[in-house]
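Residue numbers (my numbering): 1052 to 1421.
Beta carbons are placed, not taken as given, at the ideal position from N, Cα and C, and that holds for glycine.
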Ligand code: SF4
Ligand code: SF4
């Protein structure tokens, strides 16, 4: 039976460290071999201070590093940020400073290796460093996610796809969110972290996972050797059907989410978490799908007053659906696959997902009449 450890916690280092040590002890940390390299994979989406709740808190990373060092092993912190440089993300997040003087390797994921994952993707390229180490500690952040609803343990492994291969995969899976969820689960099964410890002490709600989201105090730390069971437990804590989260549904369909979960600790009940609105990307009769996607489906929009024309969004957009014209952003909603990467990478919170005016009313009419 999969086990999930739940602890109420704050960013108070000594008690936090005790919780993290306990979780690592419970999930095979004692087996870390002296002289080996242990990969620590935080959520380092981009340069953001801990108060923004975009990245794993430096004290969570520090406790994992100390644990590894105490076992005589070498901690390696790696990720492939969606925006900004790896170094800048380390500095602004406070992780560099928290680990000053420690014997740690900081290495951005750069090299990939092709691995077989079976249907439908067959072969994907995953960071070599994530495949070669014997022990991986996955340190995700609990955040809302405009495309996938939440980003938790399984989705954090998407950072093991190097650099611009990430938007390529968004483009290949297109508007099919379930297909993208399946890809995320396949990446998770390839990397298969030894332990996942979720930083939900200061989480993010609303239009996450980037600057558009809102920090939310949740005070919870969760650990498991099985990230799928951990993600299912988070959904239960937040009062939603666990299989409404598509990564959980894909994992269940792949036979990875079966059986009861043993909870060690007291699971809080959080019933007022603000989820991003996830609307269907196609609905109604097939011949109207094109029109509907263009005019009725939720889509990214720009707040001109907040936009600094930095170019992050149009450079990252996998569908090349954003252009700058006459000092304004222009979206080609025919091309746009609604991955919301642009919202995720915008460093100035200038983008948000919005349903076009009257879309809700028209959808209701269509549902009744057709
Ligand atoms: S919307 Fe955001 S990412 Fe895009 S150009 Fe403006 S500030 Fe930059
Ligand atoms: S415009 Fe934004 S949501 Fe649309 S495809 Fe580009 S990055 Fe994704």
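Per the coordinates, the alpha-carbon of residue 1156 lies some 16 angstroms from the alpha-carbon of residue 1185. In terms of Cα proximity to residue 1139, the closest of 1067, 1069 and 1097 is 1097. In the DSSP assignment, the residues bridged to residue 1126 are 1089. By the CB criterion at 8 angstroms, residue 1250 and residue 1206 fall outside the cutoff. The count of Cβ pairs closer than 8 angstroms, one atom from the region 1130-1145 and one from the region 1286-1299, stays below three, leaving the stretches out of contact.
When 1208, 1132, 1176 and 1144 are compared, the shortest CA-CA separation from residue 1159 is found for 1132.
Annotation note: the region 1168-1218 contains the following uninterrupted alpha helix (DSSP H) runs of length 4 or greater, listed N- to C-terminal: 1179-1183. Ligand 2 has no heavy atom closer than 7 angstroms to the beta-carbon of residue 1186. DSSP places residue 1379 in the strand class (E or B) of the three-state scheme. Distance check between residue 1210 and each of 1311, 1253 and 1163 places 1163 closest, using alpha-carbon atoms only. DSSP places residue 1163 in the strand class (E or B) of the three-state scheme. The continuous alpha helix (DSSP H) containing residue 1304 extends over residues 1297-1304. If you draw a 10 Å sphere on the C-beta of residue 1215, you find fewer than 16 other C-beta atoms in it, and that means exposed.
The straight-line gap separating the alpha-carbon atoms of residue 1309 and residue 1320 is approximately 23 angstroms. Contact check for residue 1104 against residue 1255 passes: the beta carbons are separated by less than 8 angstroms. Residue 1166 and residue 1378 have their C-alpha atoms some 43 angstroms from each other. The alpha-carbon of residue 1278 is positioned some 17 angstroms away from that of residue 1115. Assignment of beta strand (DSSP E) within the region 1345-1375, counting only whole runs of 3 or more residues, yields 1350-1353 in chain order. No Cβ-Cβ contact shorter than 8 angstroms links residue 1376 with residue 1360.
Note: residue 1314 is bridge-paired with 1055 in the DSSP secondary-structure output.
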